[in-house]
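This report refers to the structure that appears directly beneath it.
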Amino acid sequence: MTLTLYTNPQSRGRIARWMVEETGAPYEAVILDYSTTMKDEGYRAINPMLKVPAIRHDDRIVTECAAICAYLAEAFPEAELDPRPGELADYYRWLFFAAGPLEQAVTNASMGVTPNENQQRMVGYGDFARVIDVLEQAVGRAPYIAGDRFTAADVYVGSGVMWYTQFGLVEKRPVFLDYIARLQERPAYRRAAEKDDAALAAAASGDQGG
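Going left to right, the sequence shown walks through residues 1 to 210 as the UniProt record's numbering numbers them.
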């Protein structure tokens with residue numbers, strides 16, 4: 001079976017790249033440009049939202065980073081990234097917390113949108129401060145988000161913690177920094193970062209061949 005990653009190194013595609021690297025599976029990376037190839041009809045057939053990342057696994061297509069992480073964990077069980085029975089609840093709880101309330105809260109805050117008391121009942125996350133406090137509790141309970149073992153949920157949740165703190169969207173609390181340090185030691189994370197950084201450098205130099 002073939003695995004293709006459609007991505008751009010300046011996007012959430014870095015999450016998917018890291019997850020693919022964690023599986024250890026061979027894959028092809030197709031680097032798309034925001035203004036050209038990402039809008040082509042060929043890619044529209046892959047993801048009609050015209051955004052990255054997306055993966056094609058043989059004849060199956062998956063989009064959305066959280067879904068890609070969960071799918072690849074199940075598709076490549078030998079990598080042991082999917083949850084064990086005792087990890088199921090925390091795995092799915094925090095994976096979807098990060099994809100839903102956390103991302104929505106951070107996005108709104110970054111745009112200067114602060115829901116009033118009545119709107120807080122509608123937005124799905126309440127208020128920003130509460131979301132970040134809950135994230136801190138989730139990350140601080142154990143070495144990894146589902147317990148003592150790294151899983152695919154850490155790729156997604158951890159990427160969010162990395163980005164949000166890096167860009168000043170979430171304060172750099174000690175719990176977050178400790179979690180980030182553990183994740184950045186992973187060989188797959190380092191390989192993915194090196195490949196994306198190389199792709200970014202190639203794009204900057206005008207070399208589209210890599």
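Glycine residues also receive a C-beta, built at the ideal position from the N, C-alpha and C atoms.
Helix, strand or coil, according to DSSP, for Ala25 in the structure here? Taking the sequence shown and counting its residues from 1, one reaches residue 25 at position 25. Note: Ala25 maps to coil in three-state DSSP.
Coarse secondary structure for Lys195, derived from DSSP in three states: Taking the first residue of the sequence shown as 1, we reach residue 195 at position 195. Reduced to three states, the DSSP call for Lys195 is helix.
Beta-carbon contacts of Lys39 that lie in its chain and below 7 Å, excluding the five residues immediately before and after: Translated into positions along the sequence shown, residue 39 becomes position 39. Short of 7 Å from the beta carbon of Lys39, and not among the five residues preceding or following it, lie these beta carbons of its own chain, in chain order: Leu50.
Going by DSSP, which residues form a beta bridge with Thr63? In the sequence shown, the residue the question calls residue 63 occupies position 63. Paired residue(s): Ala54.
On the criterion of 16 or more Cβ atoms from any shown chain inside 10 Å, does Val52 qualify as buried, or is it exposed? As a working mapping, residue 52 is identified with position 52 in the sequence shown. By the 10 Å Cβ count, Val52 comes out buried.
Considering only the alpha carbon of each residue, which of Met122, Glu117, Val20 lies closest to Glu74? Here residue 74 refers to the residue found at position 74 of the sequence shown. Of Met122, Glu117, Val20, the residue nearest in Cα terms is Val20.
Nearest-angstrom Cα distance between Asn8 and Tyr144? Along the sequence shown, read from residue 1 onward, the residue named residue 8 stands at position 8. Along the sequence shown, read from residue 1 onward, the residue named residue 144 stands at position 144. Roughly 27 Å between the two C-alpha positions.
Counting C-beta neighbours from all protein chains within 10 Å, is the total for Asp59 16 or more, i.e. buried, or is it exposed? Reading the sequence shown from its first residue, position 59 is the one you call residue 59. When all chains shown are included, Asp59 counts as exposed.
CA-CA distance, Gly210 and Phe176? Residue numbering aside, residue 210 sits at position 210 when the sequence shown is read from its first letter. Residue numbering aside, residue 176 sits at position 176 when the sequence shown is read from its first letter. In this prediction, Gly210 has a pLDDT of 42, which is less than 50 and means its spatial position is unreliable; what the coordinates show is noted afterwards. Distance between the alpha carbons of Gly210 and Phe176: 34 Å.
Have a look at Ala70 and Ile31 and give me their C-alpha separation to the nearest angstrom. If you number the sequence shown from 1, residue 70 lands on position 70. If you number the sequence shown from 1, residue 31 lands on position 31. The C-alpha of Ala70 lies about 22 Å from the C-alpha of Ile31.
Kindly list the residues whose CB is nearer than 6 Å to the CB of Ala99, restricted to its own chain and excluding five residues on each side of it in sequence; keep chain order. Taking the sequence shown and counting its residues from 1, the one referred to as residue 99 is at position 99. Answer for Ala99: Ala66, listed in chain order.
Alpha carbons only, please: which of Ala204, Leu135, Gly112 is nearest the one belonging to Arg93? Position 93 of the sequence shown, counted from the start, is the residue given in the question as residue 93. Considering only Ala204, Leu135, Gly112, the residue with the shortest C-alpha distance to Arg93 is Leu135.
Start-to-end residues for the alpha helix (DSSP H) that takes in Tyr179: As a working mapping, residue 179 is identified with position 179 in the sequence shown. Where Tyr179 is concerned, the enclosing alpha helix (DSSP H) starts and stops at 174 to 184.
Consult DSSP for Val30 and reduce its assignment to one of helix, strand or coil. Sequence index remark: in the sequence shown, residue 30 carries index 30 (1-based). Looking at Val30 - three-state DSSP - the assignment turns out to be strand.
Look at the alpha carbon of Ala129 and the alpha carbon of Gln137, and state the distance between them as a whole number of angstroms. Here residue 129 refers to the residue found at position 129 when the sequence shown is read from its first residue. Here residue 137 refers to the residue found at position 137 when the sequence shown is read from its first residue. Each residue's CA atom was taken as its position, placing Ala129 and Gln137 some 13 Å apart.
Based on the DSSP secondary-structure assignment, which residues constitute the bridge partners of Thr165? Counting from 1 along the sequence shown, the entry for residue 165 is found at position 165. According to DSSP, Thr165 bridges with nothing at all.
Distance, Cα to Cα, Tyr179 vs Met122? Residue numbering aside, residue 179 sits at position 179 when the sequence shown is read from its first letter. Residue numbering aside, residue 122 sits at position 122 when the sequence shown is read from its first letter. A straight line joining the alpha-carbon of Tyr179 with that of Met122 spans about 31 Å.
C-beta atoms of Ala105 and Glu22 nearer than 8 Å: Within the sequence shown, the letter at position 105 stands for residue 105. Within the sequence shown, the letter at position 22 stands for residue 22. At the C-beta level, Ala105 and Glu22 stay beyond 8 Å of one another.
Would you kindly work out how many angstroms separate the C-alpha atoms of Ala142 and Asn108, rounded to a whole number? On the sequence shown, position 142 is the one that residue 142 refers to. On the sequence shown, position 108 is the one that residue 108 refers to. Going from the Cα of Ala142 to the Cα of Asn108 covers about 29 Å.
In chain order, what residues of the same chain lie with their CB nearer than 7 Å to the CB of Pro101, ignoring the 5 residues before and after it? Counting from 1 along the sequence shown, the entry for residue 101 is found at position 101. These residues qualify, in order along the chain: Gly124, Tyr125, Val131.
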